[in-house]
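**Q** Please see the structure below; I have some questions.
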Amino acid sequence: MKQLYHSYDEAVALFKELESRRPDLFRTEVIGQTWEKREIIAVTITQNIEIADTKPALFFTGTIHAREWIGLELAIGFAQYVDRNIAYDHIVQEALENSTIYMVPCANPDGFEYSRNHFSFWRKNRRQNADGSYGVDLNRNFPVGFVKSNNPSSNVYGGPAPFSEPETRAIRDFVESHKNIAIALDYHSQGNVFFPAHDFRHEDTIDTTDMNVLCANMAEEIRKISDREYGIHQGKPPTKLISGSGREFYYSKGIIASVVEVGTRNISDYLDDMIEHIREHIPALLTCLKEVPNYAIETVMPRPENFRATYVGIDNVTLEWEPYSCCKESDEIYFEIYRSRREKSYCRPFNLIGLTQANRFSDSNLQSDSPYFYHIRAVNKKSGQKSPFAPVLAIRTHVDDDEFHRTYFPTPDKTGYVAQKSKDNASHFGVNSLFVGINETKGISYSVITIPLKTIPKNAVIKRARLRLYPMNRVGVTVEKFGEWDIGIVDPESIKDLTSFKDVESMKIRSYVGRPTLSNHLTQGIWRSWEFSEVECKALQEQITNEQVVFRIEGPKTLSIGRTSQMMQWDIGYGKFGGGLAFRPHLEITYTLEPNRMELFPKQSFTVCADGIEDGKILSGFDSNGKKIYATFDFELGSLPDWEFMQITRAYVVLNPIKVYAKDNIRFHLEMIDADAERDYEAIKARRIIENIGYDVSVSELKNQEQVFVFDTYAIQEFGNRLRDKKSIAFLLRPSSAQKLTRNSVIEWHSSHPEFTPKLVIEYLHKRRRPVSPVTNLSFKIENGKVRLSWKNPKDKDFKGVFVIKNRFRKPISPYDGDKLYGGPDEWTYDDFGALDVKKYYAVFTYDDVPNFSEPVILEYQPKNSG
Ligand SMILES: [Zn+2]
3 MKQLYHSYDE
13 AVALFKELES
23 RRPDLFRTEV
33 IGQTWEKREI
43 IAVTITQNIE
53 IADTKPALFF
63 TGTIHAREWI
73 GLELAIGFAQ
83 YVDRNIAYDH
93 IVQEALENST
103 IYMVPCANPD
113 GFEYSRNHFS
123 FWRKNRRQNA
133 DGSYGVDLNR
143 NFPVGFVKSN
153 NPSSNVYGGP
163 APFSEPETRA
173 IRDFVESHKN
183 IAIALDYHSQ
193 GNVFFPAHDF
203 RHEDTIDTTD
213 MNVLCANMAE
223 EIRKISDREY
233 GIHQGKPPTK
243 LISGSGREFY
253 YSKGIIASVV
263 EVGTRNISDY
273 LDDMIEHIRE
283 HIPALLTCLK
293 EVPNYAIETV
303 MPRPENFRAT
313 YVGIDNVTLE
323 WEPYSCCKES
333 DEIYFEIYRS
343 RREKSYCRPF
353 NLIGLTQANR
363 FSDSNLQSDS
373 PYFYHIRAVN
383 KKSGQKSPFA
393 PVLAIRTHVD
403 DDEFHRTYFP
413 TPDKTGYVAQ
423 KSKDNASHFG
433 VNSLFVGINE
443 TKGISYSVIT
453 IPLKTIPKNA
463 VIKRARLRLY
473 PMNRVGVTVE
483 KFGEWDIGIV
493 DPESIKDLTS
503 FKDVESMKIR
513 SYVGRPTLSN
523 HLTQGIWRSW
533 EFSEVECKAL
543 QEQITNEQVV
553 FRIEGPKTLS
563 IGRTSQMMQW
573 DIGYGKFGGG
583 LAFRPHLEIT
593 YTLEPNRMEL
603 FPKQSFTVCA
613 DGIEDGKILS
623 GFDSNGKKIY
633 ATFDFELGSL
643 PDWEFMQITR
653 AYVVLNPIKV
663 YAKDNIRFHL
673 EMIDADAERD
683 YEAIKARRII
693 ENIGYDVSVS
703 ELKNQEQVFV
713 FDTYAIQEFG
723 NRLRDKKSIA
733 FLLRPSSAQK
743 LTRNSVIEWH
753 SSHPEFTPKL
763 VIEYLHKRRR
773 PVSPVTNLSF
783 KIENGKVRLS
793 WKNPKDKDFK
803 GVFVIKNRFR
813 KPISPYDGDK
823 LYGGPDEWTY
833 DDFGALDVKK
843 YYAVFTYDDV
853 PNFSEPVILE
863 YQPKNSG
């Protein structure tokens, strides 16, 4: 397992050999000495190495934890790749033309050699501690958040003081003397995840989006090579933020920084796994290098300001931002806009949806009731330099006219996991994570999620659904590309005791949902969604009568020899191990209802021709002089429900011909016109058409059969406007002919026959159009060290609840643009885990049962001492 890995001395020799062969490209230097007198080296790689320190730079550190050998191997792999490819590979050339990479391939040479030769699992360096134990965790020895501990034998002992260790001092001195460092990546194993830096608060920072995008872009390069998905996780609650790490030290210097956790084992199978890890991370590193100049501390461009949605519709969104202030000539700047369907998305050419020099962008043809995430950055046309990103903008499009939306959370005491070897599976309900898979202590584990469906109408027709789970972590997953995870709708007949392993195992699955998730697609820090197909939506719909749906999640059920765990852990969002509301599993449903149907009959009908008006008859065609004969009929709309509380899903007019005296060259069409239009021939000829309904009908299509003229979207809207204004509506049948002159061609339509008389058919849903009133009296106080918000709900019978969200950077107009703090009918909430010392906006939206969301009531929170 270990023979193919390089020793520290071999690695140093290898870098020195590259330097002597390509002194224009490689430089090595000694930056410090360890307790055991090994030289700590830094390797610089760039084109025109003599100007390396004048270019913006990426700082790479590897193997600061002794047993995490990937760092050193990746540094070697990357240097060799550059050496092999630089002559022809334009990606390598461009990356190293404007950027420099500084690598400390092994930040802990003593510990690494100890791990290599004596004790594989060693993590710390090799300082001799006062109590006779060895080692300081170098990644706890940096000053930011440093914790003094009296337990030197601990694996995470941070040392007697910040920078007490020669290894961390060497890194500090190097970083402090290289002000051109813009981005830092610290390579560890394992987890297949990026951990971007934080500022010791559970709040987004202005550059959170930059770090997430940078990591997502690298992750996409990794996926390209190996189909492996990496997570991105900035230490969200209730995760304890780690103290004294290198990453936060770099970040405190203004450097964008992330830890990269590679692979699923510290010392993996070299030929099978390590080579693949190196191969997948080289393009990711090159992508990162390309971004370095955009984050150069001294020349960084300002990010676009106040990027916000000013309109959110059913299928369209309007985005706006402030005019760019830094450049005198505004035409030097344009903006790139990226759109994604999922959070923490990459920004790559294939999701770049707009380039503009304006301060406004409209996006259309979106799907209704769906989340979208937007990113924007400015670009200097001449230099090609790009700005950092504005904080990501999240919205959800509104439901379509015939749609309703529900988000359902699990019933806690019926949601948990059962493990084969556990004596007390009932204790895993409502409190623990959802474990799924197999490991040595638990045996096989299944999770069960029960979601109440009481409040969805029994006649709902489910159009779309997705189940979402938040992965806690996958550090326990030690087998690569093995096994799959499935979610199934349980047949209710087969449900017995949800807390019994045997009963859960023998439950029948009515339908699995979406595609299985492969182990290499499980990522932490990024929500996973299972989208329901039409057939699966039907299976879900069947559960509505039971007023609940039970899902079973299952994973791999066998372990291969020598492996101890293949277990996934999702957040339950309840109990002390859960991340709370924001991380709770949930089921999103978009549904419609079987429509109501109403038939209206004409109040009156006329035939209008050059000779005069004939009451009560419907004729249309051409008279003996070739003049047009029109028919009109109108409807009273008073019997339809109040426009404010209904949505028309379909409308059409039905006409039946009685007699046809016409040749094939005539067609007819139906126009919607104002009901109060005059009915004399000249006025009819000069009529104003509201909209044409349906298509022209030819004489041959008439053949005594019913004709249906269907309203298009615009016609429905216009019809709705008349309904709202309580007006009547009229229709006119108009003949047309391509012939120069057509004479004596007439169609007679039924006008009073009980069965065949014209009718206007309206299909509609009872659905509130406008939101209920917003909340009032929104205020806050500090209680138990937290911000406590309170408000007064409106007294409207259709009021269902409020959404409370916070956004650190802008006043949100969408209830999805920020961290959700609360959803429900209460009149108060805490900002749990929120910081008191940062400015932020709280927004409260009321909603009804559609839901329509009210305008937000916004509270701007200013920390006490910031003035
Ligand atoms: Zn580590």
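To convert a position in the sequence shown, counted from 1, into the working numbering, add 2. C-beta: ideal position from N, C-alpha, C; glycine also.
1) Going straight from the alpha carbon of ALA259 to that of PHE647, what length do you get?
2) With VAL450 as the anchor, note down where its beta strand (DSSP E) starts and where it stops.
3) Quick one: give me the first and last residue of the alpha helix (DSSP H) that VAL169 is part of.
4) Quick one, what's near ligand 1 if you take every residue whose CB is closer than 5 Å to any heavy atom, in chain order?
5) Measure the CB-CB distance between LEU98 and THR48 and report whether it falls below 9 Å.
6) What separation, rounded to the nearest whole angstrom, lies between the Cα atoms of ALA541 and ARG512?
7) Closer than 8 Å is the cut-off here; do at least three beta carbon pairs connect the stretch 332 to 352 with the stretch 382 to 394?
8) DSSP three-state call for VAL539: helix, strand or coil?
9) Just curious, the beta strand (DSSP E) that ASN694 is in, first and last residue?
10) Output the distance between the C-alpha atoms of SER398 and PHE855, rounded to the nearest integer angstrom.
11) State the Cα-Cα distance for the pair THR417 and PRO494, rounded to the nearest angstrom.
12) Specify whether the stretch 621 to 641 and the stretch 746 to 757 touch according to this definition: at least 3 beta carbon pairs, one from each stretch, less than 8 Å apart.
13) Would you kindly work out how many angstroms separate the C-alpha atoms of TYR83 and ASN182, rounded to a whole number?
14) Under the three-state reduction of DSSP, which class applies to TRP648: helix, strand or coil?
15) I'd like to know whether the C-beta atoms of TRP37 and ASP112 end up nearer to each other than 9 Å.
16) Out of curiosity, what's the CA-to-CA distance linking VAL552 and PHE437?
17) Out of TRP529, GLU263, LEU288 and ILE555, point me to the one whose CA is closest to TYR514's CA.
18) Would you check if the distance between the CB atom of GLU169 and the CB atom of ILE72 is smaller than 9 Å?
19) Please name the residue in GLY445, ARG379, ILE451 and ILE440 whose C-alpha comes closest to that of PRO412.
20) Using a threshold of 8 Å, is the CB atom of ILE316 nearer than that to any non-hydrogen atom of ligand 3?
21) Can you say whether GLN864 is buried or exposed, counting buried as having 16 or more other CB atoms within 10 angstroms of its CB?
22) Taking ILE528 as the reference, give the member of ARG586, GLN545, VAL537 and LYS498 with the closest Cα.
23) Give the DSSP bridge partners of MET569, in chain order.
24) Which word fits SER117, buried or exposed, when buried means at least 16 other C-beta atoms lie within 10 angstroms of its C-beta?
25) Does DSSP put PRO373 in a helix, a strand or coil?
26) Which of the three DSSP states, helix, strand or coil, is assigned to LEU861?
27) Just mark THR210 as buried or exposed, buried being the case when its beta carbon has 16 or more other beta carbons within 10 Å.
28) Give me the Cα-Cα distance between LYS802 and VAL852, rounded to the nearest whole angstrom.
29) Between which two residues does the beta strand (DSSP E) holding TYR7 run?
30) Checking 9 Å against the spacing of the C-beta atoms, do GLY246 and PRO145 come in under that value?
31) Which runs of the alpha helix (DSSP H), 4 residues or longer, sit entirely within the stretch 328 to 411?
32) Return the first residue and the last residue of the alpha helix (DSSP H) that GLY490 is part of.
33) Which residues in the same chain have their Cβ closer than 6 Å to the Cβ of HIS283, if we skip the five residues on either side of it in sequence?
34) Using a Cβ distance threshold of 8 Å, determine whether the stretch 758 to 775 contacts the stretch 684 to 692, with at least three qualifying pairs required.
35) For THR46, tell me which candidate among LYS39, GLY34, LEU743 and LEU60 has the shortest Cα-Cα distance.
36) Just to confirm my understanding: we take PRO459, look at its own chain, exclude 5 residues before and 5 after, and list those with CB closer than 7 Å. What are they?
**A** With the given structure in hand:
1) 52 Å
2) Element bounds for VAL450: 445 to 454.
3) Note that residue 169 is Glu in the sequence shown, not Val. GLU169 -> alpha helix (DSSP H) spans 168 to 178.
4) Residues with a Cβ closer than 5 Å to any heavy atom of ligand 1, in chain order: HIS67, GLU70 and HIS190.
5) yes
6) If I take the Cα positions, the gap works out to 7 Å.
7) yes
8) In the sequence as displayed, the identity of residue 539 is Cys instead of Val. Residue state, collapsed to three classes: helix.
9) Where ASN694 is concerned, the enclosing beta strand (DSSP E) stretches over 691 to 700.
10) Going by the sequence as given, residue 398 is Arg instead of Ser. Looking at the two C-alpha atoms, the distance is approximately 11 Å.
11) The straight-line gap from Cα to Cα measures roughly 15 Å.
12) yes
13) Distance between the alpha carbons of TYR83 and ASN182 is about 24 Å.
14) The sequence shown places Met at residue 648, not Trp. Strand, per DSSP.
15) Yes, the Cβ-Cβ distance between TRP37 and ASP112 is below 9 Å.
16) 16 Å
17) ILE555
18) Between GLU169 and ILE72, the gap from beta carbon to beta carbon reaches 9 Å or more.
19) ILE451
20) You won't find ligand 3 in this model; what it holds is ligand 1.
21) exposed
22) ARG586
23) GLY439
24) buried
25) strand
26) Assigned with DSSP and collapsed to three states, LEU861 falls in strand.
27) buried
28) 10 Å
29) Taken as a continuous stretch (DSSP letters only), TYR7 belongs to no beta strand (DSSP E), as it is neither H nor E.
30) yes
31) none
32) Looking at the DSSP string, GLY490 is not in any alpha helix (DSSP H); the run it does join, the beta strand (DSSP E), is 486 to 492.
33) Counting only residues of its own chain and dropping the five nearest sequence neighbours on each side, HIS283 has a CB closer than 6 Å to the CB of LEU76.
34) The stretch 758 to 775 vs the stretch 684 to 692: no contact.
35) By alpha-carbon distance to THR46, the top candidate from LYS39, GLY34, LEU743 and LEU60 is LEU60.
36) LEU595
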